[in-house]
Each structure stands twice: as structure tokens, then as C-alpha cells.
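Notes to accompany the following structure.
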Amino acid sequence: MSEQNEDVRAAKAKLAEAEEELRQQEILESLSKKSGLSYALAGDSVLYGPYLVAWDGSIIGKVRSDTPSVLQDWYAVPNDGEPSGPFRTVRAAAASLHR
4 MSEQNEDVRA AKAKLAEAEE ELRQQEILES LSKKSGLSYA LAGDSVLYGP
54 YLVAWDGSII GKVRSDTPSV LQDWYAVPND GEPSGPFRTV RAAAASLHR
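First residue of the sequence shown: 4, per my numbering; consecutive thereafter.
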């Protein structure tokens, strides 16, 4: 019985991982069809992100927040660099990624 429970837990973990992968692929597909600056929630929380950021359909980085307040600090994280910020809005942080 215990081995069966472990198998069920492992299967549920794989399913959750596959669902997350599918969700990420759907987000990437959606962003790849847009021109200019666009971003989409890639995490579970609108308040913290992360948001994937794209420019003309290419992913250029992420935007995230660690601040648990109404006046949040947003940080831009380019694909190939260190985080920058803080910025007052998601859009401002996303725009800072376009160089």
C-alpha cells in the first residue's frame, strides 16, 4: 500500500510539472505573436510575478517583485544579466529590459 501511495505521489508530481511546462509554452506562444513590448504573468501571483517580458516576440527577460506591500518594488532580470531596479511598476521594469 505504501509503495502504491508513493507511485501516486510521483505521478501527481509529474502531472503538475507537465501542466506547468504546458502553461509556460502557452505563455511563450502568446508572447511570440505580439509586436513591441509585451509581458505576461508566468507565476502564480499577480502581486509578485514573475512576468515574462518579450520584445517583438522574443523573450528578453523577467520582471519580479519581492515586496509584500501595495507600493511594490519591481526588478527587471534580463536573460543574460543581473537584476536591475527597483522600479515602481511592472511596465517600467519591463521597458527597462529593452535596450
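Heads up, the beta-carbon is just placed ideally off N, CA and C, and yes, glycines get one too.
Residue j beta carbon less than 8 angstroms from that of residue i
i	j	result
residue 80	residue 64	yes
residue 13	residue 37	no
residue 97	residue 49	no
residue 27	residue 45	yes
residue 2	residue 42	The first residue shown for the chain is 4 and the last is 102, placing residue 2 beyond what the model contains.
Selected residue, minimal CA-CA separation from residue i, among the options
i	options	result
residue 53	36, 35, 30, 38	30
residue 92	25, 75, 6, 47	75
residue 94	71, 40, 102	40
residue 82	33, 23, 62, 22	62
residue 70	84, 55, 90	90
Straight-line gap, residue i to residue j (C-alpha atoms, nearest Å)
i	j	result
residue 88	residue 78	5 angstroms
residue 35	residue 9	39 angstroms
residue 16	residue 5	17 angstroms
residue 99	residue 18	36 angstroms
residue 20	residue 101	31 angstroms
Endpoints, alpha helix (DSSP H) assigned at residue i
i	result
residue 91	Premise fails: residue 91 is in no alpha helix (DSSP H) and is neither H nor E.
Check: Taking the runs of the beta strand (DSSP E) that are 3 residues or longer, which of them lie wholly in the stretch 16-88?
Finding: 40-48, 52-58, 61-68, 77-81
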